[in-house]
Amino acid sequence: MLERIKHLMIKEVQRGERMLEIRTAQESDLERLTELHRQISQFHFEQAPRVFNAPSEKDKAFLHRVLNDDHRWFAVAVEHDKVVGFITAKIDINETVSFMSFEPICRINTVVVDEAHRSKGIGGALLKACREWSEGQGAVETRLEVMAFNPAAKKLYERHGFRVQSHTMSCFHDK
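Numbering (the UniProt record's numbering), first residue to last: 1 to 175.
In structure tokens form, the structure reads like this:
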């Protein structure tokens, strides 16, 4: 399975007059990936600073590790030779909870579209490409987590067939 995760995948999606390319992320994309990661990090940090870290210099090293992780799928959306979004995912198989399914599940870790390119179908194209990839890996389901403070992302996921399956709850401890 791991050999198929890193293969170069290129898919072109016609969007009106424009062509969007979905392909496997490459080392040469790292600077742009870091910029996009900074956008999503800043947004999440502003909404929930106890849950998310502020953007930092560590982000580039983190993305470099993810880019080279043979257990993850990392794809980018490219428009006019510029990376305008990315998605990361991996295949998980439950080995810890005996009453839960042991079928392969795709877990989307991150979806981000450049702030200047949102509401243009890019996020949907990334989700569709991920679904096709995960089905090719034998996954029977795709899961992701969306924060309650992000209704735009929730709407995107719902438009693409995602439904609430559980609620993650937390309780901060007083210091």
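The beta carbon of each residue, even a glycine, is placed where N, CA and C say it ideally should be. The structure presented is a predicted model; accordingly, all values stated were derived computationally and were not measured.
Query: So, is aspartate 114 buried or exposed, given that buried needs 16 or more other C-beta atoms within 10 angstroms?; Result: buried
Query: Kindly identify the DSSP beta-bridge partner or partners of arginine 143.; Result: Arg107
Query: With three or more beta-carbon pairs closer than 8 Å as the criterion, would you say the segment 122-134 touches the segment 152-164?; Result: yes
Query: Could you tell me which residues DSSP pairs with aspartate 69 in its beta bridges?; Result: According to DSSP, which records beta bridges pairwise, aspartate 69 is partnered with nothing at all.
Query: If the criterion is Cβ atoms closer than 8 Å, does the pair proline 104 and isoleucine 87 meet it?; Result: no
Query: Taking the DSSP output, what are the residues bridged to isoleucine 91?; Result: Cys106
Query: Does the beta-carbon distance from histidine 117 to valine 84 come in below 8 Å?; Result: yes
Query: So, at 8 Å on beta carbons, what are the nonlocal neighbours of glutamate 79 in its own chain, with the 5 sequence-adjacent residues on each side left out?; Result: Arg18, Met19, Leu20, Glu21, His117, Ile122
Query: Go through its chain and collect everything with a Cβ distance to histidine 160's Cβ below 7 Å, but skip five positions before and after it.; Result: Gly124, Leu127
Query: Whole-angstrom Cβ separation of lysine 90 and histidine 71, contact assumed at under 8 Å?; Result: 6 Å
Query: Just to confirm before moving on: does the CB-CB distance between leucine 67 and glutamate 27 stay below 8 Å?; Result: yes
Query: Does DSSP classify phenylalanine 45 as helix, strand or coil?; Result: helix
Query: Just how far apart, CA to CA, sit methionine 169 and valine 146?; Result: 12 Å
Query: Near glutamine 100, what residues of its chain come up, given a Cβ to Cβ distance below 6 Å and the 5 sequence neighbours on each side ignored?; Result: Correcting the residue identity first, residue 100 is methionine in this sequence and not glutamine. Excluding positions up to five away in sequence, the list reads Asn94.
Query: Applying the 10 Å Cβ sphere with the 16-neighbour rule, what's the burial state of valine 51?; Result: exposed
Query: Might you give, ordered along the chain, the residues of its own chain that have their beta carbon closer than 8 Å to the beta carbon of arginine 4, omitting 5 neighbours on each side?; Result: Unreliable placement is indicated for arginine 4, whose pLDDT of 39 sits below 50; no coordinate value is reported for it.
Query: Hey, how far is the Cα of phenylalanine 172 from the Cα of aspartate 81?; Result: 44 Å
Query: If you draw a straight line from the alpha carbon of lysine 175 to that of phenylalanine 162, how long is it in whole angstroms?; Result: 37 Å
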